[in-house]
Amino acid sequence: MSEASDLEQRFEDKIAADERIEPKDWMPDAYRKNLIRQMSQHAHSEVIGMQPEGNWLTRAPTLERKSVLLAKIQDEAGHGLYLYSATETLGVTREELVAALHEGRAKYASIFNYPSLTWADIGAIGWLVDGAAIVNQISLQRTSYGPYARAMVRICKEESFHQRQGYQIMVRLAEGSEAQKQMAQDALNRWWWPSLMMFGPHDGESAHSAQSMLWKIKRMSNDDGRQKFVDQTVPQADIIDLTVPDPDLKWNEARGHYDFGEINWDEFMQVISGNGPCNRQRLGQHKKAHEEGAWVREAMAAYAKRKAETAHD
Ligand code: BYC
6 MSEASDLEQR
16 FEDKIAADER
26 IEPKDWMPDA
36 YRKNLIRQMS
46 QHAHSEVIGM
56 QPEGNWLTRA
66 PTLERKSVLL
76 AKIQDEAGHG
86 LYLYSATETL
96 GVTREELVAA
106 LHEGRAKYAS
116 IFNYPSLTWA
126 DIGAIGWLVD
136 GAAIVNQISL
146 QRTSYGPYAR
156 AMVRICKEES
166 FHQRQGYQIM
176 VRLAEGSEAQ
186 KQMAQDALNR
196 WWWPSLMMFG
206 PHDGESAHSA
216 QSMLWKIKRM
226 SNDDGRQKFV
236 DQTVPQADII
246 DLTVPDPDLK
256 WNEARGHYDF
266 GEINWDEFMQ
276 VISGNGPCNR
286 QRLGQHKKAH
296 EEGAWVREAM
306 AAYAKRKAET
316 AHD
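In the numbering used here, the protein residues as written are 6 to 318.
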């Protein structure tokens, strides 16, 4: 057996045995590329996802709500950092990853291109967006790349708190005045379908799924994740007497799952190709913050250089 096929065989054996691939292990180029694509897009999503929530920090209704929201947004920044660091173990730099985002070569989750119009949207984001993210991310704790899997363990713990804080906001609004309940219903109406889109195209249409499932980068298909999310979220809406905005939503006894309507895929395609309601604003804001933070990066680099020099004195 040639050396190359020997390495490939060892890689395949590890995947088959559910062992983790670690940064210094040999891996096929396409595996590395696919991971860089998915992990960096995941990191970008966490960081861009801070914007719709940050929009409400100065207008949170109480000091307690404000400090909880602030902590959640800081968690998202931390998730971005774990994920960028994990991606860098694949031999790509943070600068390259950020440049790909700024030049439109790398995507981020479609959901963050929708505006957060009312305080109830902060509830809906925690309940639905973090709820959808957890369904996906729990499965990613078993992803085949070690640094990604380990980052997911901590991220999932924090996301579970995020989901609860969002649902709790919705509970309070739904049991409040008629106007508050209406605000909660309106937020559910606007965030429901974009949340279902977070899981990506149908399995048959998904460009990367088949290979990603074989390599165990993905452990759950897009449609299976979406179904799981619907099944767990509909009863939560029922408890607080809010209505999921889908006339086709119906419990299917034979399947043991909810049937639900079709996503507007034209809207999804528009949003992921840069033409959603807030795409330009989100990217513009990220570029501005990145430019304004240049002095911090320069100062850190100068400090690290100086420290290395004095260590040799
Ligand atoms: N949005 O072949 P497919 C959070 C793209 S943030 C945008 O099925 P894949 C939070 C896809 O990238 C958590 N693009 O792709 C933060 C591909 O395009 P490229 C975010 C999407 O990778 C703050 C093309 O469509 N979670 O929790 O097999 C506050 C074909 O798709 C989307 C993650 O990122 C989308 N929704 O499956 C609150 C989880 N869907 O790359 C909360 C990690 C698809 O060829 N990622 N596309 O240009 C994944 O699990 C997978 O990447 C996906 C898509 C399931 C999202």
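For glycine and all other residues, C-beta sits at the position ideal for the given N, C-alpha and C.
Contact check for D236 against Y263 passes: the beta carbons are separated by less than 8 Å. Boundaries of the alpha helix (DSSP H) harbouring H84: 68 to 93, taken from the DSSP string.
Annotation for I130 indicates a beta carbon within 7 Å of some heavy atom of the ligand BYC.
With a cutoff of 8 Å on beta-carbon distance, E81 and M55 are scored as near each other. Taking all protein chains shown into account, E164 has 16 or more neighbouring C-beta atoms within 10 Å of its C-beta and is therefore buried. Within the same chain, Cβ atoms closer than 7 Å to the Cβ of C283 are found at N118, Y119, P120, the five residues on either side in sequence being excluded. Comparing alpha-carbon positions, the option among M157, T63, W198 lying closest to D271 turns out to be W198. For secondary structure counted as the alpha helix (DSSP H) over 4 or more consecutive residues, the segment 210 to 296 holds these complete runs in sequence order: 214 to 219, 227 to 244, 270 to 275.
Collapsing the DSSP output to three states places Y172 in a helix. Around the beta carbon of T238, 16 or more other beta carbons sit within 10 angstroms, so the residue counts as buried. Straight across, the Cα-Cα distance linking L247 with V176 is about 10 Å. In the three-state reduction of the DSSP assignment, Y153 falls in the helix class.
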